[in-house]
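Protein chains in written order, with the numbering used here: chain A, 1 to 220; chain B, 221 to 440.
Glycine included, every Cβ here is placed at the ideal spot set by N, Cα and C.
Since the model is a prediction, treat every value here as computed from it, not as a measurement.
Quick notes on the structure that follows.
2 protein chains.
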Amino acid sequence: MVTRYAVITDAAIALVAEQGMRGLTHRAVDARAGLPTGTTSAYYRTRKALIEALVQRLADLDAADLAAGSLPSDDVPAYPPKLTAADLDGIAAATGALLDRWLTDGRDRALARYACVLEATHHPELRDILGHGTASRVQARAMLAAAGAADPDRAGDHFVACVDGLLFDRLAGAGALTAPPPGTPECRADLTTAVRALLHALTTPPLRNQRPRERRAARG
Amino acid sequence: MVTRYAVITDAAIALVAEQGMRGLTHRAVDARAGLPTGTTSAYYRTRKALIEALVQRLADLDAADLAAGSLPSDDVPAYPPKLTAADLDGIAAATGALLDRWLTDGRDRALARYACVLEATHHPELRDILGHGTASRVQARAMLAAAGAADPDRAGDHFVACVDGLLFDRLAGAGALTAPPPGTPECRADLTTAVRALLHALTTPPLRNQRPRERRAARG
DNA sequence: ACTCCTCTTCTACAGCTGTAGAACAGGCAT
DNA sequence: ATGCCTGTTCTACAGCTGTAGAAGAGGAGT
């Protein structure tokens, strides 16, 4: 049995994805979920409570996916101590496929998430609930450390920011028009290309402009 | 003299940055701009018209900045036919500094823009007005072509998506907490590092996994 | 049976929002 | 001055939103 909380918050996510935060009202959620008017208002008296529940639901869904390995923030496996270039290519392909799923099956959740992140700008308490990609961030840092990045923490943050940017661009930006349509092999290939470039860049510092000493260190 | 249209739309941008799209109401704009109640409603009868004016104003401001070279989408100069690695580093530094300005002086505009891009998901007509980063996209493609990228069009799109992602992460995401604070040299340096990695990645295809023939071609 | 408790549904209401139109003011041309 | 026109300010009002509380329904325990 699906709890009523889940029904309500899932409807809220769909609503936000379709109409933005402005469409999120108690009555609209009732209608969208097919529940009698007043239900959402009874469960979440204030609008703030409703939004927090929505954000919590997003976090819970991510956690569930992470556990199930189906549509997590990053379902790359635990890393061997040293990642080879071939490993990185594999990770890039997995990430590309993952992004493509966020663009198709996970589209509503992805859109709702971006709306909530933006909302968190003026409502800091949301940020705590969102935990904002903590899991994927930690994982990215670990991966880049295993791949021998010079500054894995910073590089990990750059990586997730750029990957988020790729996703956002396809979801809402101009990429939605110019890039190959989501759900196609071309889309996955294009995303994989981008992620692979990112990974190689973040693990291999540009040699040409390093002074000899640094260059030797980077190679070692 | 500043036209009333500008006063209204600028107030609207500030409002959206502070409170999100939900805060954008005719009366709130009046109050924010210090105009008598009803003014905004007289200038833009419907809310849709108001939003479109807001988006148009964003586009106009960008165009003005582009012309003045002060805070444009990308104020990198016209490129010489062949870009060297040192040129790329210069572009990275300029882009890092530019992003830092978007985080400080241009913060409201950047936040309002992201809100509008998200809004454009359900209101396609906004996308046309936004032109959504067309200028910077074109410029990125030209730059990557000059730098000898294999597929400059796709690489250009990846580049702007990632740079937008870096910006969004600092503005609204977790980067706002973990990264060095905007306006500092550290922030600029960190962003420059990320952009430099991006540029080198997108212009230099990863050699290790290419077959010898491609490798030779890429080098030439 | 009755009571109590939780969950659910319905209704009320004050305040806000979108939109329209009336009233007003100043300047220009006749 | 008179009339007209553009730009401004004020007011009206229907509909929606957030929030609260009353009314109802069913089940568990006595």
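- About 6 Å separates the CB atoms of Cys116/A and Leu126/A; that is less than 8 Å, so the two are in contact.
- Contact between Ala14/A and Leu50/A fails: their C-beta atoms lie close to 14 Å from each other, not under 8 Å.
- Secondary structure note for Gly351/B: it is in no alpha helix (DSSP H), with a DSSP letter that is neither H nor E.
- Our two residues, Asp164/A and Ala110/A, have alpha carbons roughly 10 Å apart in a direct line.
- Annotation for Tyr114/A: Phe168, Leu171 and Ala172 place their beta carbon closer than 8 Å to its own, counting only its chain and skipping 5 residues before and after.
- Using a C-beta cut-off of 8 Å, the segment 359-375 of chain B makes no contact with the segment 132-151 of chain A, since fewer than three inter-stretch Cβ pairs fall below that distance.
- Within its own chain, the residues whose Cβ lies closer than 7 Å to the Cβ of Asp328/B, once the five positions on either side in sequence are excluded, are Ile233, Ala234 and Ala237, listed in chain order.
- Chain B has a Cβ within less than 8 Å of the Cβ of Gln19/A.
- For Gly106/A, the nearest beta carbon of chain B is not closer than 8 Å to its own beta carbon.
- Using a Cβ distance threshold of 8 Å, Gly20/A and Leu338/B count as a contacting pair.
- Leu202/A: member of the alpha helix (DSSP H) spanning Pro185 to Thr203, first to last residue.
- In this structure, DSSP gives Val222/B a state outside helix and strand, which the three-state scheme calls coil.
- Using a 10 angstroms sphere on the CB of Val275/B, the tally of other CB atoms reaches 16 or more, which defines it as buried.
- Nearest CB-CB separation between Val337/B and chain A: below the 8 Å threshold.
- Taking a Cβ-Cβ threshold of 7 Å, the residues of chain B close to Tyr114/A are Leu338, in chain order.
- Neighbours of Cys407/B in chain A, taken as residues at a C-beta separation under 8 Å, are lacking, since the least C-beta distance is about 12 Å.
- Of all residues in the segment 35-64 of chain A, none is placed with a Cβ closer than 9 Å to any Cβ belonging to chain B.
- Of the candidates Asp348/B, Gly351/B, Ile349/B and His378/B, the residue whose Cα lies closest to the Cα of Arg361/B is His378/B.
- When secondary structure is reduced to three states using DSSP, Thr315/B falls in the helix class.
- For Thr245/B, the closest Cβ of chain A is not nearer than 8 Å.
- At a cut-off of 8 Å between C-beta atoms, Asp87/A does not count as an interface residue with respect to chain B.
- Following the DSSP letters along the chain, one finds Pro152/A inside the alpha helix (DSSP H) bounded by residues Pro152 to Leu171.
- Taking all protein chains in view, the Cβ of Arg247/B is surrounded by fewer than 16 other Cβ atoms within 10 Å, so the residue is classified as exposed.
- Below 8 Å, too few C-beta pairs join the segment 397-405 of chain B and the segment 176-185 of chain A to call them touching: fewer than three.
- At a cut-off of 8 Å between beta carbons, Gly393/B contacts chain A.
- Taking each of Ser356/B, Ala409/B and Ile228/B in turn and checking the Cα distance to Glu272/B, the smallest one comes out for Ile228/B.
- Against Asp250/B, chain A offers no close residue; the least beta-carbon distance is about 19 Å (beta-carbon pairs closer than 8 Å).
- Of the residues Tyr43/A, Ala135/A, Ala97/A and Leu24/A, the one whose Cα lies closest to the Cα of Asp62/A is Ala135/A.
- With fewer than 16 other Cβ atoms inside 10 Å of its own Cβ, Arg265/B counts as exposed.
- For a Cβ distance threshold of 8 Å, residue set His158, Ala161, Cys162 and Gly165 of chain A lies close to Leu386/B, ordered along the chain.
- Annotation: Tyr264/B is outside any alpha helix (DSSP H) and is labelled neither H nor E by DSSP.
- In this structure, Leu386/B sits near Ala161/A, with a CB-CB distance shorter than 8 Å.
- Taking a Cβ-Cβ cut-off of 9 Å, Asp128/A has no neighbours in chain B, whose nearest Cβ is about 11 Å from it.
- In this structure, Leu319/B sits away from Leu244/B, with a CB-CB distance that is not shorter than 8 Å.
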